[in-house]
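*Asks:* Numbering (the working numbering), first residue to last: 31 to 1123.
Beta carbons are placed, not taken as given, at the ideal position from N, Cα and C, and that holds for glycine.
Here it is: the structure, laid out below.
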């Protein structure tokens, strides 16, 4: 069958070639997919970055913590031609998660981290006389993560080509910046290899360039590099004092490093580099370039909302620009290494980074028995990974590869070696963790001695676990920071007093949970619509309100700063509606993304964005009012509406104008500046104290009209240009569509995407935050509509659609340019007039070489193929196997390949077996091999058809056999696919009552609170007694309405205790109600999953 095939000819004059275009993709495992002659004509063409989970339907076989999305196996194939012999490496910036890489039918490497970069040397496995087939198998065997991870090749893939003598790595350091003298020393360490069989003489040259102007040049002496040898060359030379990189002025230089051989440049690497220095002390916090800075940091997950995990440059840049405008100066990348794109953007935009390498170590979290803990301490074994040895553990390898990639990044000030490393585990191997920490510190210090090391810890706030104290002491001895998750004022003070040498920072703060545009409730008010208040009144049990967290940090100079959890809502972990088991504990649909964000998944700021902007951004004036002014949005609060103003103005006067135009002042409030001993300052409402003094509050009954917040400076002058919503008004009846693009133009570079805000506004242009209209979107032929997103957590419609309901009066369209010419987007809705937006598209769109022909033949010969206007092509046989032949021919597009399978005799279609969980739909293989009478297997790749899968029978019996059919060469082949049910059984595990976040005991109640959901099976009460009248309640929030009663299946008494055995139950909060005065001890036994087939 004729199909289109893209022919990518590699330009060997380039050193680094991006390979993101024109991949073939198939969902589900397929035997033999990696063989060159395998027919992939039925597969889909896709471009990277690519996340195959985001397009899969929401499933009850998934978990709330991973957004009810499934992973499974995804297969990728990429064809490319390289005609000049070079040293060649493949560079992968991140693939989630279990990866096998094949080239030309040979397995070269595997990888498991999911987020860390890795390199493979493919030089010895390349073809130069035919196409090369790169085949990659990715498996995400959920449960692997506590949040939505995505699946697939979601970051860049590059091909690196060099001569035999080349740089492997260049590391740059500077010395003397803090002395502030006329010169400093620049040190460049070049790691060079010679893959030839001859000793050679070479020269190194380094150029320091600022804005295309040569600042300094250094040239080494001639030196030898041995045949098949590797060497490190250290060049240190003086340069004039440079411009410094900072968060306000991220000055970047280029450093060109060259290898010269016989006067010619044979290799060149260009590095972006920023000169800066930083310090931290246990008493005075952090300073950058000698200036004290409080870290105004945010935690950032890797997903891009509607795009899933796909790593688009413009999507990340949009996030960073929103953060910068809010006033953030740092990001804690959680809980994994960031992409190279994020690092580059942070370097250019001026954002400090704390890059986290691991979430956990050797114990799985939240019963995610397939997470990275399977591999952390496992030895790599035989592999073609660059920088790996057989005896190296995966933990060491992934840590070092990340540090190598990011060594020269000025934005990175610290590496985090783990996050809440024992939280959510059974802690059975906790005694091993100090030793693991020493290993990680040692491995990190082998590569990087200049940056801080840290972990994020959520245990020390509640007591000094000796293992964690030992880890923090190890970190402190090695230029370490003590990261505290969800600490508060008194606990900061105690830890600082008890450990005065620890340098403290709030590595995870707040955990406020809010919806956008939700104004009819306050506090922990859970309702059927599963939305949460937009006021700063809602938080998780272990967290703090936004104002509380910052108030405690800004008033303590010894705390370096905070990292707010989180800046964006992320997919998965929708606390307080989270769940760590398969299924739908809150019904279906239910929230599938978090409420933690300051900005929602669509990139629309919540009201709290303007609270942080008022607190953090001192460059202009923020004035923002909430709520919106519409009776049907206010509910019962309309009787006495809390009107909140977030501002950094000197004063605010609140003015109400009724619908008849009558004006009255609701009063004027003033801010005053508070300055700490070290010189940090913040503003609070004059005459008020505590966290709520960071913003202004009025109250009035709802009345139709308009409320305006008038901003004044210290001289009493009105500030007319403010940022935020300074007016709220009862909306008019008619609704209109307003379109606005985030970027003014588009192009092929940076993946050519843009973000179009679709606002539903009244006749005055004000967003109608009560509007929920369904909007249809269409784009011009030179564009692709990638996704729509309203930011609503409980929206269960797929993102990849052309119509979706707005939420809070807003909807986001994500579009991609496919060709030149202006891009046009039209938005319409029932009873809404269609609106059109035109966006210019710049740059060239390079046409990809392609050819339509029969590439995969059976029992035939390529001589009869006519490809170019009846021009006959001469085919050369280049490989002959037992049952296949490979040919190469030349045409105007370049060398092309044809593969022939020789199928003779009696054949059978191979039977196939697979296992799936209840509520999961099977992904049948697109192809099944044939087998002859002698047992020879034929991997042909032709597409298989299947009978319908009997879901009801599968639910009833746990096993279904489905017929598979293949029609080939006039014959009909049949086989079956056996689908069996996988069951996650639970067994008794560790006792975890001591790991509770909080425990309270009164005369009639014992209360346990955990910071994440746990699975329990037994409750033991000591001593043995008459406890049959006890009642047990479990909940997912502190809200009394979330608690439900559970009853024991069995009660067993022995000489020392009474054991209550239950069906397994998930809980974050547990209450034991009754006369508990005689109880001496309560033990809570967790359950652990064991999969059975």
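(1) Cβ of residue 410 within 9 Å of Cβ of residue 427?
(2) For residue 420, I'd like the list of residues in its chain whose CB is within less than 7 Å of its CB, leaving aside the five on either flank, ordered along the chain.
(3) Below 8 Å on the Cβ atoms is my contact criterion, and I expect residue 781 with residue 342 to pass it. Report the Cβ-Cβ distance as a whole number of Å.
(4) Taking buried to mean at least 16 other C-beta atoms within 10 Å of its own C-beta, is residue 258 buried or exposed?
(5) Could you pull out every residue in the same chain whose Cβ sits closer than 6 Å to the Cβ of residue 304, ignoring the five residues on either side in sequence?
(6) Take the Cβ of residue 1023 as the centre, count every other Cβ of all protein chains shown within 10 Å, and call the residue buried at 16 or more, exposed below.
(7) Below 6 Å CB to CB, which residues in the same chain sit around residue 489 once its five sequence neighbours on both sides are set aside?
(8) Helix, strand or coil, according to DSSP, for residue 1069 in the structure here?
(9) Quick check on this structure: which residue in 556, 238, 623 has the alpha carbon closest to the alpha carbon of residue 217?
(10) Quick check on residue 440 - is its C-beta less than 9 Å from some C-beta in chain B?
(11) Which same chain residues end up closer than 6 Å to residue 766 when comparing Cβ atoms and leaving out the 5 residues on each side of it in sequence?
(12) When we look at the beta-carbon of residue 1050 and count the other beta-carbons within 10 Å, is it buried (16 or more) or exposed?
(13) In or out: residue 352 buried (at least 16 other Cβ within 10 Å) or exposed?
(14) With C-beta atoms as the reference, is residue 573 less than 9 Å away from residue 541?
(15) Where does residue 353 sit, in a helix, a strand or coil, going by DSSP?
(16) With three or more C-beta pairs closer than 8 Å as the rule, is the region 1000 to 1011 touching the region 940 to 950?
(17) Can you tell me the Cβ-Cβ gap for residue 148 and residue 415, rounded? I've got them flagged as a contact below 8 Å.
(18) Taking Cβ positions, are residue 816 and residue 768 nearer each other than 9 Å?
(19) Take residue 587 and list the residues in its own chain whose beta-carbon comes closer than 7 Å to its own, dropping the five residues that flank it on each side.
(20) Please classify residue 628: does DSSP put it in a helix, a strand, or coil?
(21) In terms of residue numbering, what span does the beta strand (DSSP E) encompassing residue 674 cover?
(22) Please report the Cβ distance between residue 37 and residue 822, rounded to the nearest whole angstrom; I am assuming they are in contact, meaning their Cβ atoms lie under 8 Å.
(23) Going by alpha carbons, who is nearest to residue 794 out of 828, 759, 803, 785?
(24) With DSSP as the reference, label residue 459 as helix, strand or coil.
(25) Just curious, the beta strand (DSSP E) that residue 704 is in, first and last residue?
(26) So for residue 74, helix, strand or coil by DSSP?
(27) Rounded to whole angstroms, what is the Cα-Cα separation between residue 726 and residue 678?
(28) Would you say residue 975 and residue 800 are within 9 Å of each other, going by their C-beta atoms?
(29) Just the C-alpha distance for residue 675 and residue 515, rounded to the nearest angstrom, thanks.
(30) Roughly how many whole angstroms lie between the Cα atoms of residue 168 and residue 533?
(31) Can you tell me the Cα-Cα spacing of residue 591 and residue 584, whole angstroms?
(32) Can you tell me which residues form a DSSP beta bridge with residue 442?
(33) So, for residue 452: in the same chain, excluding its five sequence neighbours on each side, which residues have a beta-carbon less than 6 Å away from its beta-carbon?
(34) Taking the runs of the beta strand (DSSP E) that are 3 residues or longer, which of them lie wholly in the region 295 to 339?
(35) Taking one C-beta from the region 147 to 165 and one from the region 201 to 216 each time, how about it: are there three or more such pairs within less than 8 Å?
(36) Are the CB atoms of residue 634 and residue 568 within a distance shorter than 9 Å?
*Replies:* The answer reads as follows:
(1) Here the question's residue 410 lines up with position 380 in the chain shown. Here the question's residue 427 lines up with position 397 in the chain shown. Yes, Cβ-Cβ distance for residue 410 and residue 427 is below 9 Å.
(2) Looking up residue 420 in the chain shown gives position 390. Correct list, in chain order: 409, 410, 411, 412.
(3) In the chain shown, the residue the question calls residue 781 occupies position 751. In the chain shown, the residue the question calls residue 342 occupies position 312. Residue 781 to residue 342, Cβ: 5 Å. Contact.
(4) Taking the chain shown and counting its residues from 1, one reaches residue 258 at position 228. By the neighbour-count rule (16 or more Cβ atoms within 10 Å), residue 258 is not buried but exposed.
(5) Locating residue 304 in the chain shown gives position 274, where the first residue counts as 1. Within the same chain, residue 304 has close Cβ partners 275, 282, 440.
(6) One-based indexing of the chain shown puts residue 1023 at position 993. When all chains shown are included, residue 1023 counts as buried.
(7) Your numbering for residue 489 matches position 459 in the chain shown. Excluding positions up to five away in sequence, the list reads 495, 498.
(8) Taking the chain shown and counting its residues from 1, the one referred to as residue 1069 is at position 1039. Of the three classes helix, strand and coil, the one that applies to residue 1069 here is coil, per DSSP.
(9) Taking the first residue of the chain shown as 1, we reach residue 217 at position 187. Checking every option, the nearest Cα to that of residue 217 belongs to 238.
(10) Absence of chain B from the displayed structure is noted, only one protein chain being present.
(11) Sequence index remark: in the chain shown, residue 766 carries index 736 (1-based). So the qualifying residues of the chain are 791.
(12) Counting from one through the chain shown, the residue named residue 1050 turns up at place 1020. Buried is the call here.
(13) For this step, residue 352 is matched to residue 322 along the chain shown. It is buried - the Cβ of residue 352 has at least 16 other Cβ atoms within 10 Å.
(14) Within the chain shown, the letter at position 543 stands for residue 573. Within the chain shown, the letter at position 511 stands for residue 541. Against a cut-off of 9 Å, the Cβ pair of residue 541 and residue 573 comes out as a contact.
(15) Indexing the chain shown from 1 puts residue 353 at position 323. Helix, per DSSP.
(16) yes
(17) Along the chain shown, one-based indexing puts residue 148 at 118. Along the chain shown, one-based indexing puts residue 415 at 385. Their Cβ separation, rounded to whole angstroms, is 6 Å, which keeps residue 148 and residue 415 in contact under 8 Å.
(18) Your numbering for residue 816 matches position 786 in the chain shown. Your numbering for residue 768 matches position 738 in the chain shown. No, the pair does not count as a contact, with Cβ atoms beyond the cut-off.
(19) Start at 1 with the first residue of the chain shown, and residue 587 comes out as number 557. Within the same chain, residue 587 has close Cβ partners 314, 315, 706, 707, 708, 710.
(20) Taking the first residue of the chain shown as 1, we reach residue 628 at position 598. Of the three classes helix, strand and coil, the one that applies to residue 628 here is coil, per DSSP.
(21) Here residue 674 refers to the residue found at position 644 when the chain shown is read from its first residue. Here the beta strand (DSSP E) through residue 674 covers 671 to 677.
(22) One-based indexing of the chain shown puts residue 37 at position 7. One-based indexing of the chain shown puts residue 822 at position 792. With 8 Å as the limit, residue 37 and residue 822 do not qualify as a contact, their Cβ atoms being about 44 Å apart.
(23) To locate residue 794, count along the chain shown from 1; it is residue 764. The shortest C-alpha separation from residue 794 is found at 759.
(24) For this step, residue 459 is matched to residue 429 along the chain shown. Coil.
(25) Mapped onto the chain shown, residue 704 falls at position 674. It spans 693 to 705 - the beta strand (DSSP E) in which residue 704 sits, taken as one unbroken run.
(26) Along the chain shown, one-based indexing puts residue 74 at 44. If DSSP states are grouped into helix, strand and coil, residue 74 belongs with the strands.
(27) Looking up residue 726 in the chain shown gives position 696. Looking up residue 678 in the chain shown gives position 648. Taking the straight line joining both Cα atoms gives about 10 Å.
(28) Stepping through the chain shown from its first residue, residue 975 is reached at position 945. Stepping through the chain shown from its first residue, residue 800 is reached at position 770. Contact: no.
(29) For the purposes of this step, residue 675 is identified with residue 645 of the chain shown, where counting begins at 1. For the purposes of this step, residue 515 is identified with residue 485 of the chain shown, where counting begins at 1. One C-alpha to the other measures close to 28 Å.
(30) As a first step, residue 168 must be located in the chain shown, where it is residue number 138. As a first step, residue 533 must be located in the chain shown, where it is residue number 503. Rounded to the nearest angstrom, the two C-alpha atoms are 41 Å apart.
(31) Locating residue 591 in the chain shown gives position 561, counting from the first residue. Locating residue 584 in the chain shown gives position 554, counting from the first residue. Distance between the alpha carbons of residue 591 and residue 584: 7 Å.
(32) Here residue 442 refers to the residue found at position 412 of the chain shown. For residue 442, which the question treats as bridged, DSSP gives the partners 383.
(33) What you label residue 452 is simply residue 422 of the chain shown in a count that begins at 1. Around residue 452: 460.
(34) 308 to 311, 315 to 318, 321 to 323, 325 to 330
(35) no
(36) The count along the chain shown starts at 1 and reaches residue 568 at position 538. The count along the chain shown starts at 1 and reaches residue 634 at position 604. It is not a contact, given that the beta carbons lie outside the stated cut-off.
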